[in-house]
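Colleague: Counting in my numbering, the sequence shown runs from 453 upward without gaps.
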Amino acid sequence: MIKVGIIGGAGYTAGELLRILVNHPEAEVVFVQSSSNAGNAITDVHVDLLGDTSLHFTADLPFDAVDVIFLCMGHGKSKEFMQQNTLPAHLKVVDLSHDFRLKREGNSFIYGLPELNRSKIAGARFIANPGCFATGIQLALLPLAAAKMISDEVHVQAITGSTGAGQKPTKTSHFSWRNNNLSAYKVFEHQHEAEIVQSLKQLQSGFWYDFNFVPIRGNHTRGIFTAAYTKFERTLNEAKKIYTEYYKSHPFVFVVDSNPSLKQVVNTNKAVLYLEKHRDKLVILSVTDNLIKGASGQAVQNMNLLFGLDETTGLKLKPVAF
């Protein structure tokens, strides 16, 4: 049984981790750290877990009692945590912030997108979980990059649910503002662009084309709908073969023949892709749940790989559908 600790246990990603891990057959949550909630029952914050756990939040960090910790803190906090704490040699780390996603000198974290780095993840100790937008967009583009077939600039629009902004209320996550509303933000300068381009260059070393990304705030709660397109001179059938071949051994990615919707994937670790060809452009649509495949589910998928489990263990989740 894998012993698990969660650092920063009060937010959305920690809540999703708990919902998955309480039913994981090979994992046991030993502690959930939250300084602001220490002593309180986890169900006081994550009320949907009533009857599923009797754990209380703690301010302590009993590293020796666990095999892996998940860092669910704000961006910038994970780096501070790693600098301020001496971890026992056996302890593995999965970080859900953006602090370690980019390759830099001295960064020992492996980028945790299993559909890109499965074998590297399996042999690692420290994992940097990808961003939610970055996950859906990369899954839409990786097969083309692996086939060295991105030959022009890439255009992406993606719309995300309000949970992507985190639990702390802001002007643009407030119900009265978000409901019945859409808005773009960080156009062409979203922080996830760097990790996406890094992965494309990993597969297609000559990738130098413009990557143009327009993120959009949606009026729904969860799920990311991504539309990407780029120049592609071959046929649609050839594109489908490239995608199905690339993902044939990846159990959470499905290439389908009909236009996808968020309700196919919300509450699951799945990604559903759909391709269309128009003139010389290939359009790739992808749908993912930003809190599961885009965050906590992928973190558990990475944990499974770290400990030699089938990566689907504990992740055979069902979508809301209606």
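Every residue, glycine too, gets a C-beta built ideally from N, C-alpha and C. Note that the structure is a prediction, hence the values are computed from the model and not measured.
Less than 7 Å between the C-beta atoms of ARG669 and VAL718, yes or no?
Modeller: No; because the gap between Cβ atoms is not below 7 Å, this pair is not in contact.
Colleague: Which of the three DSSP states is assigned to LYS457 in this structure?
Modeller: The sequence given here places Gly at residue 457; Lys does not occur at that position. Three-state result, GLY457: strand.
Colleague: Let me make sure I understand the geometry here. Which of GLU697, SER701, PHE515, VAL724 has the alpha-carbon closest to that of SER710?
Modeller: Ranking GLU697, SER701, PHE515, VAL724 by Cα distance to SER710 puts VAL724 first.
Colleague: Look at the alpha carbon of LEU634 and the alpha carbon of GLN609, and state the distance between them as a whole number of angstroms.
Modeller: Answer to the nearest angstrom: the Cα atoms are 13 Å apart.
Colleague: Quick one, which of THR615, GLY461, HIS508 has its alpha-carbon nearest ASN671's?
Modeller: Nearest C-alpha to ASN671: THR615.
Colleague: Run through DSSP, which three-state label would SER530 get?
Modeller: Three-state DSSP puts SER530 in a helix.
Colleague: Buried or exposed: where does VAL499 fall if 16 or more other Cβ atoms within 10 Å of its Cβ makes it buried?
Modeller: Under this definition VAL499 is an exposed residue.
Colleague: Please name the residue in GLU728, PRO712, ASP741 whose C-alpha comes closest to that of THR720.
Modeller: Here the closest residue by C-alpha is ASP741.
Colleague: Taking GLU677 as part of the beta strand (DSSP E), name the residues at either end of that continuous run.
Modeller: The sequence shown places Phe at residue 677, not Glu. Segment 676-683, the beta strand (DSSP E) holding PHE677.
Colleague: So what's ALA636 in DSSP terms, helix, strand or just coil?
Modeller: Of the three classes helix, strand and coil, the one that applies to ALA636 here is strand, per DSSP.
Colleague: State yes or no: is the C-beta of ALA580 within less than 7 Å of the C-beta of PHE552?
Modeller: In contact: ALA580 and PHE552 (Cβ atoms closer than 7 Å).
Colleague: So for ASN722, helix, strand or coil by DSSP?
Modeller: Note on residue identity: the sequence assigns Lys, not Asn, to residue 722. In this structure, LYS722 counts as coil in the three-state DSSP scheme.
Colleague: Can you give me the Cβ contacts of LEU652 inside the same chain, cut-off strictly under 6 Å, excluding the 5 residues immediately before and after it?
Modeller: Excluding sequence neighbours, LEU652 sits near ALA597, PHE659.
Colleague: Using three-state DSSP, classify LEU593 as helix, strand or coil.
Modeller: In this structure, LEU593 counts as helix in the three-state DSSP scheme.
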